[in-house]
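Engineer:
Numbering (this note's numbering), first residue to last: 51 to 251.
1) Are the segment 211-223 and the segment 68-87 touching, with three or more C-beta to C-beta distances below 8 Å?
2) Between which two residues does the beta strand (DSSP E) harbouring residue 217 extend?
3) For residue 68 and residue 135, I'd like the C-alpha separation in whole angstroms.
4) With three or more beta-carbon pairs closer than 8 Å as the criterion, would you say the segment 147-155 touches the segment 90-110?
5) Counting only runs of 4+ residues fully inside the segment 157-192, write out the alpha helix (DSSP H) ranges in chain order.
6) Tell me, to the nearest whole angstrom, how far the beta carbon of residue 61 is from that of residue 186; I am working on the premise that it is less than 8 Å.
7) On a CA-only basis, which of 138, 51, 80, 189 is nearest residue 102? Give me that one, please.
8) Roughly how many angstroms lie between the CA atoms of residue 99 and residue 129, to the nearest whole one?
9) For the ligand FAD, is there any heavy atom lying closer than 8 Å to the beta carbon of residue 83?
10) Would you call the segment 169-183 in contact with the segment 192-206, where contact means no fewer than 3 C-beta pairs closer than 8 Å?
11) Which residue's Cα is closest to the Cα of residue 54: 64, 97, 65, 176?
12) Can you round the beta-carbon distance between residue 158 and residue 209 to whole angstroms, since I take them to be within the 8 Å contact cut?
13) Which complete beta strand (DSSP E) runs does the segment 83-168 hold, if anything under 3 residues is left out?
14) Span of the beta strand (DSSP E) holding residue 59?
15) Report yes if the CB atom of residue 121 is closer than 9 Å to the CB atom of residue 150, and no otherwise.
16) Excluding sequence positions up to five away, which residues of its chain have a Cβ less than 6 Å from the Cβ of residue 86?
17) The alpha helix (DSSP H) that contains residue 210, what's its start and end?
Laid out in structure tokens, this is it:
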């Protein structure tokens with residue numbers, strides 16, 4: 051039987067959200083992955099785009115549950131840029147990213163391995179969005195956190211266009227059910243509690 055690929059997409063700003071929101075996301079994500087383990091067993095592969103925030107959380111949840119992790123990274127320079135000097139936590143987290151990627155079952159660099167380029171834009175589209183398109187094509191199911199954030203919204207649009215969308219893919223935040231503006235859009239000055247996303251916890 052072929053593998054069943056569960057991909058995730060969600061807001062980077064979850065990484066600097068209040069601890070309560072991070073914990074909510076961790077529990078909901080863990081429940082969804084555990085549910086797919088029950089349904090698909092060893093066939094399950096979890097695919098993470100390796101952004102800080104929800105992608106990071108999903109990758110850690112997969113490793114905790116012993117599920118094969120497939121890291122789909124926009125380019126070989128992506129981690130140095132977004133987990134290094136441009137980390138949302140304003141410190142170099144490249145070693146943390148490397149620790150996750152080092153435990154992955156599979157790693158794909160979309161620019162170099164799929165598109166055969168080192169350019170940041172291809173056909174007018176930033177390489178990060180090409181990562182989203184690759185994941186959309188390769189995945190069987192998705193788990194979504196905060197579909198209104200910019201990068202996530204692009205991925206959601208691609209999922210819809212591929213005919214793979216279901217409303218139950220969205221696991222949170224809970225405020226979506228009240229049609230409120232999401233509380234994690236503003237990150238400046240917000241404490242950055244690491245506990246919810248630290249693999250050691």
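Just so it is clear, CB atoms sit at the ideal spot from N, CA and C, and this is done for glycine as well.
Structural biologist: Let me spell this out:
1) yes
2) Residue numbering aside, residue 217 sits at position 167 when the chain shown is read from its first letter. Segment: none, residue 217 is in no beta strand (DSSP E) and carries neither H nor E.
3) As a first step, residue 68 must be located in the chain shown, where it is residue number 18. As a first step, residue 135 must be located in the chain shown, where it is residue number 85. Whole-angstrom Cα-Cα distance: 22 Å.
4) yes
5) 177-188
6) Residue mapping note: residue 61 aligns to position 11 of the chain shown, counting from 1. Residue mapping note: residue 186 aligns to position 136 of the chain shown, counting from 1. In fact, because the Cβ distance is near 17 Å, the residues do not count as touching under 8 Å.
7) Along the chain shown, one-based indexing puts residue 102 at 52. Answer by Cα proximity: 138.
8) Counting from one through the chain shown, the residue named residue 99 turns up at place 49. Counting from one through the chain shown, the residue named residue 129 turns up at place 79. One Cα belongs to residue 99, the other to residue 129, and the distance between them is close to 11 Å.
9) The ligand FAD is not part of the structure shown, which contains no ligands of any sort.
10) Counting Cβ pairs under 8 Å, three or more are found: they touch.
11) As a working note, residue 54 is residue 4 in the chain shown. Answer by Cα proximity: 97.
12) Numbered from its first residue, the chain shown carries residue 158 at position 108. Numbered from its first residue, the chain shown carries residue 209 at position 159. Their Cβ separation, rounded to whole angstroms, is 18 Å, which puts residue 158 and residue 209 out of contact at 8 Å.
13) As far as the segment 83-168 is concerned, its whole beta strand (DSSP E) runs of at least 3 residues are 94-98, 118-123, 156-159.
14) For the purposes of this step, residue 59 is taken as the residue at position 9 of the chain shown. Here the beta strand (DSSP E) through residue 59 covers 54-60.
15) Here residue 121 is taken as the residue at index 71 of the chain shown, counted from 1. Here residue 150 is taken as the residue at index 100 of the chain shown, counted from 1. Yes, the Cβ-Cβ distance between residue 121 and residue 150 is below 9 Å.
16) In the chain shown, residue 86 corresponds to position 36, counting from 1. Answer for residue 86: 56, 94, listed in chain order.
17) Residue numbering aside, residue 210 sits at position 160 when the chain shown is read from its first letter. Residue 210 -> alpha helix (DSSP H) spans 200-211.
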